[in-house]
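A short write-up of the structure that comes next.
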Amino acid sequence: MTDAGDAFARAEEAELARRRTADGEQAGPPAGGGPRSGASRDDDRVVSPLADSDERAIESALRPKRLDDFVGQGRVREQLSLLLRSALRRGRPPDHVLMSGPPGLGKTTIAMIIAAELGAPMRITSGPAIERSGDLAAVLSTLQEGEVVFIDEIHRLARPAEEMLYLAMEDFRVDIVVGKGPGATAIPLDIAPFTLVGATTRAGLLPAPLRDRFGFTAHLDFYQPEELSVIVRRSAGLLSVRIEDAGIGELAQRSRGTPRIANRLLRRVRDYAEVRADGLVTREITRTALELYEVDEMGLDRLDRAVLDALIRRFGGGPVGLSTLAVAVGEEAETVEVVAEPFLVRHGLLARTPRGRVATRAGWEHLGLTPPAITEMPTLFD
Ligand code: ADP
C-alpha cells in the first residue's frame with residue numbers, strides 16, 4: 058500500500074472508531090445545540106441525507122479514495138487539484154479548506170481525499186464534539202507536521218474553541234490558559250503547521266472572522282442525474298448488485314441529487330430485487346420498490362411532501378414562517394431547513410421570501426392541485 062493509501066486507511070479506521078463512539082452526535086440535525094429528536098425521526102426516512110452508524114460502515118467502503126474517482130463537482134475538483142498539487146510542489150501544507158452544502162454531497166469524502174492525496178495523516182472531529190477549548194487544544198497540540206484536521210459541522214463550535222482556532226489557523230499557535238481568575242495566564246504554544254478542512258451545512262452561521270481564515274472555500278451543489286448514474290454504477294459494482302442501465306437511470310432520477318441517498322436507495326432496491334424477484338434490478342423493480350419506500354418520481358419523500366402539503370393545504374401556499382411550518386409537520390425547524398428545503402427550493406417547488414416560505418406554481422402542481430388564480434405566484438427569484 059502506498060503512503061497515501063496507508064494514510065487513507067488509517068483515516069477511515071479512525072473515522073469509524075470515532076463515529077461508533079460518537080454515534081448519534083454526527084447523525085443529529087446540525088442545529089445550534091438543537092434537539093436530537095429530529096435526527097431519530099429523520100433516520101427512518103429512506104431518503105434522509107443524514108447517515109446512521111451502520112450506514113457509515115458501508116459508506117466507507119463506497120467512498121471514492123482519490124480525486125480522480127470523485128464524480129461530479131467538476132469545478133471544485135479542478136480547483137482542489139491545483140491547490141493540492143501546488144502545495145505538494147512547495148512542500149508546504151495547503152491553505153485551509155471550507156466546504157459547505159447540504160448533507161450527503163461528499164464533504165467528508167473530499168476531506169479524506171485531501172489527506173490521501175497529500176499522503177498526510179488525518180484527525181476527524183466535529184463542532185458539537187468539541188465542548189471546551191481544552192478539547193481543541195488537545196487535538197491541535199499533538200498534531201504532526203502537515204496533518205489534516207477535519208471538523209465537521211464547524212458552525213457548531215463553541216465560542217472559546219472558535220477563538221482558539223483563529224490563532225491556530227493563522228499563526229499555528231495556541232494559547233493554553235493556566236489557572237483561573239485574576240491569576241490565570243496564557244502560555245503560548247507553537248503547533249505544527251496543519252491544514253484545517255471545515256465542513257458545514259449552514260455556511261451562513263459561520264462568523265466572518267472564521268470564514269475569512271479559510272484560503273479555499275467550496276460550495277457543493279446537488280448532483281445531476283447523469284453524475285448520480287456514474288456513482289450508482291460504481292457502487293453497484295462494489296456491492297456486486299446486478300442492475301440494468303434503465304434501473305440505474307431511474308435510481309439516479311429519484312435520489313434527490315444526493316450520492317448518499319443514491320447509494321442507500323440502491324441497497325433498498327437490491328433487497329427488493331433479491332426477495333421479490335431473481336436479484337436483477339430492472340426499471341420496473343426500481344419503480345415498484347421506490348413506491349414501497351414512498352419516494353416519488355422527483356425523489357421527494359414523506360417529509361418533503363409533508364412540508365409542501367402543509368404549506369399548501371394548511372397555509373394556502375404561504376407565506377409562512379419556518380418554525381410554524383416545522384410545527385405543522387412535527388419536525389425540528391433545523392431538519393426542515395437543512396434537509397427538506399434545499400431540495401424543494403432547488404426544484405422550484407418552494408421559495409424562501411423575506412415574508413416566509415411560499416409554494417410556487419410547480420409546488421401546487423406537484424401535489425396535483427391548481428394554484429389560486431388571483432394570487433401572484435412567486436418564482437424562484439422572488
Ligand atoms: P457529507 O460529508 O457531505 O455529508 P459524505 O462525504 O459522507 O457526505 O458522502 C456520503 C456518501 O456519498 C459517501 O459514502 C460516498 O460514498 C458518497 N459520495 C459522496 N460524494 C460522492 C462522489 N462525488 N462520488 C462518489 N460517491 C460519493
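Residues 58 to 439 in the working numbering are what the sequence shown spells out, letter by letter. Glycine included, every Cβ here is placed at the ideal spot set by N, Cα and C.
**Study point:** D111 - DSSP class collapsed to helix/strand/coil
**Key:** helix
Review point. DSSP on H212, reduced to helix/strand/coil?
Key: helix
Review point. Using the rule of at least 16 other Cβ atoms within 10 Å of the residue's Cβ for burial, across every protein chain shown, is A430 buried or exposed?
Key: exposed
Check your understanding: Quick one: any contact between the stretch 153–161 and the stretch 389–403, if contact means 3 or more CB pairs under 8 Å?
Key -> yes
Check your understanding: Taking the alpha-carbon positions, what's the V352 to I318 distance?
Key -> 11 Å
Review point. On the three-state DSSP scale, how would you describe F273?
Key: strand
Practice item. Count the other CB atoms, across all protein chains shown, that sit within 10 Å of the CB of K164; report buried if there are 16 or more and exposed otherwise. Key: buried
Practice item. Look at the alpha carbon of T410 and the alpha carbon of D278, and state the distance between them as a whole number of angstroms. Key: 21 Å
Check your understanding: If you draw a straight line from the C-alpha of E202 to the C-alpha of M226, how long is it?
Key -> 14 Å
Exercise for review: Helix, strand or coil for P264, going by three-state DSSP, please let me know.
Suggested key: coil
Point to revise | Cβ neighbours of S138 in the same chain (closer than 7 Å, five flanking residues each side left out) | key: L124
**Study point:** Contact belief for R53 with H212 at Cβ below 8 Å, rounded distance in angstroms
**Key:** The structure shown does not extend to residue 53, since the chain is modelled only from 58 to 439, so the question has no answer here.
Practice item. Say yes only if the C-beta of F127 is nearer than 6 Å to one or more non-hydrogen atoms of the ligand ADP, and no if none qualify. Key: yes
Exercise for review: Go to S198, then tell me how far its alpha helix (DSSP H) extends in each direction, as first and last residue.
Suggested key: No alpha helix (DSSP H) contains S198, which DSSP labels as neither H nor E.
Exercise for review: Taking 8 Å as the threshold, find out whether the stretch 294–311 comes into contact with the stretch 339–349 through three or more Cβ pairs.
Suggested key: yes
Practice item. Return yes when at least one heavy atom of the ligand ADP lies under 6 Å from the C-beta of T381, else no. Key: no
**Study point:** CA nearest to the CA of I171, picked from R311, S143 and R290
**Key:** S143
Review point. For V378, which of M355, M221, G336 and L407 has the nearest alpha-carbon?
Key: Rather than Val, the amino acid found at residue 378 in this sequence is Gly. Considering only alpha carbons, the answer is L407.
**Study point:** C-alpha distance - V128 paired with T252, whole-angstrom precision
**Key:** 24 Å
Point to revise | Euclidean distance between Cα positions of E391 and A363 | key: 15 Å
Check your understanding: beta strand (DSSP E) containing S157: first to last residue?
Key -> V154 to S157
Point to revise | Residues near R403 by beta carbon distance below 8 Å, same chain, minus five either side | key: F279 and G314
Review point. Would the beta-carbon of L322 be found less than 6 Å away from any heavy atom of the ligand ADP?
Key: no
**Study point:** Paired residues, beta bridge with D125 - DSSP
**Key:** Paired residue(s): none; D125 is not in a bridge.
Check your understanding: Since L193 contacts L145 with CB under 8 Å, what's their CB separation in whole angstroms?
Key -> In fact, because the Cβ distance is near 27 Å, the residues do not count as touching under 8 Å.
Check your understanding: Is the beta carbon of V254 sitting closer than 7 Å to the one on V287?
Key -> no
Review point. Taking DSSP as the reference, what is the three-state secondary structure of P217?
Key: helix
Practice item. Kindly indicate which three-state DSSP category T257 falls into: helix, strand or coil? Key: strand
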